[in-house]
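Quick note on numbering: full-length UniProt numbering labels position 154 of the sequence shown as 154, and the sequence is numbered without any gaps. Scroll down for the structure; my scribbles are underneath it.
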Amino acid sequence: MFKTGDLVEVLDDAMKGKVLKVKEDEVTIETEDGFELSYRPSELILLGDDQAIKDASKRGVIEDAKSDKITINHHRVNTEKKSKKEEFVLEVDLHIEKLVKSFHHMTNFDILNLQLDTARGQLEFAIKNRIPKVVFIHGMGEGVLKTELDFLFGRYAEISFQDANYRKYGLGATEIFIKQKML
Numbered sequence: 001m002f003k004t005g006d007l008v009e010v011l012d013d014a015m016k017g018k019v020l021k022v023k024e025d026e027v028t029i030e031t032e033d034g035f036e037l038s039y040r041p042s043e044l045i046l047l048g049d050d051q052a053i054k055d056a057s058k059r060g061v062i063e064d065a066k067s068d069k070i071t072i073n074h075h076r077v078n079t080e081k082k083s084k085k086e087e088f089v090l091e092v093d094l095h096i097e098k099l100v101k102s103f104h105h106m107t108n109f110d111i112l113n114l115q116l117d118t119a120r121g122q123l124e125f126a127i128k129n130r131i132p133k134v135v136f137i138h139g140m141g142e143g144v145l146k147t148e149l150d151f152l153f154g155r156y157a158e159i160s161f162q163d164a165n166y167r168k169y170g171l172g173a174t175e176i177f178i179k180q181k182m183l
């Protein structure tokens, strides 16, 4: 297929060269930079031969790779309509810097009490206004606020709670579901 003196290009590399010698399964070329490199004949393409380029692009490896990429999506898309109220999620960020302008004069006890009062107030608001879902963002820290929130939420019979969606909030958030009473 190749003979001494042919100009070739390497398929998987941006390299051109001139064929120096040809063995059964090895072609040695001199690159434009003067290096001697050996390749299998299947790794080279004859320059100026448009048909060889077209044939190379139809090789089984390329077609196999393309067919491997094709996947069938077996997942169904939920097309149910949800009410505006169901889509709304109240997010309450309890980080102290979100609650007050300056907290440097506050003790840890004061900060925790402010965070818990805010959480209680927002929870009462959500229950009163029939908001089905609330996410309290408390951060990771040492876990004191999360423990206190768990205790607070456990005192409400009409709610259930769990860690919030990890992808969206990470580890530092709790999701509240408010059970709606039928009127």
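Even glycine gets a Cβ: it sits at the ideal position worked out from N, Cα and C. Quantities reported herein were computed from a predicted structural model and do not represent experimental measurements.
Should PHE161 be labelled buried (16 or more other beta-carbon atoms within 10 Å of its own) or exposed? buried
Residue nearest to LYS181 in terms of C-alpha spacing, selected from THR28, GLY141, LEU20, ILE131: ILE131
Return the residue from the list LEU116, VAL10, LYS16 that minimises the CA-CA distance to PRO41. VAL10
Where the beta strand (DSSP E) containing PHE35 begins and where it ends: No beta strand (DSSP E) holds PHE35; DSSP gives it neither H nor E.
Whether THR174 touches PHE125 by CB criterion (8 Å): no
LEU123, buried or exposed, once every other Cβ within 10 Å from all chains shown has been counted against 16: buried
Could you pull out every residue in the same chain whose Cβ sits closer than 7 Å to the Cβ of MET1, ignoring the five residues on either side in sequence? PRO41
At what residue ranges does the stretch 84-141 contain a whole run of the beta strand (DSSP E), taking only runs of 3 or more? 90-93, 133-137
May I ask you to list the residues that DSSP assigns as paired with GLN180? Looking at the DSSP assignment, GLN180 forms no beta bridge with any residue, so it has no partner.
Considering just the uninterrupted stretch of the beta strand (DSSP E) at PHE161, what are its terminal residues? 159-163
Check this for me: beta carbons of residue 215 and LYS133, under 8 Å apart or not? The question about residue 215 has no answer here: the residues shown for the chain are numbered 1 through 183.
Less than 8 Å between the C-beta atoms of GLU36 and GLU30, yes or no? yes
Can you say whether residue 184 is buried or exposed, counting buried as having 16 or more other CB atoms within 10 angstroms of its CB? What is shown of the chain runs 1 to 183, which leaves residue 184 out entirely.
Would you call LEU94 buried or exposed, if buried means 16 or more other Cβ atoms sit within 10 Å of its Cβ? buried
N- and C-terminal bounds of the alpha helix (DSSP H) containing GLY17: Segment 16-22 is the beta strand (DSSP E) holding GLY17; no alpha helix (DSSP H) there.
Is there contact between the stretch 108-122 and the stretch 149-157, where contact requires at least three CB pairs shorter than 8 Å? yes
Could you please give me the residues that DSSP links to GLU30 through a beta bridge? LYS18, GLU36
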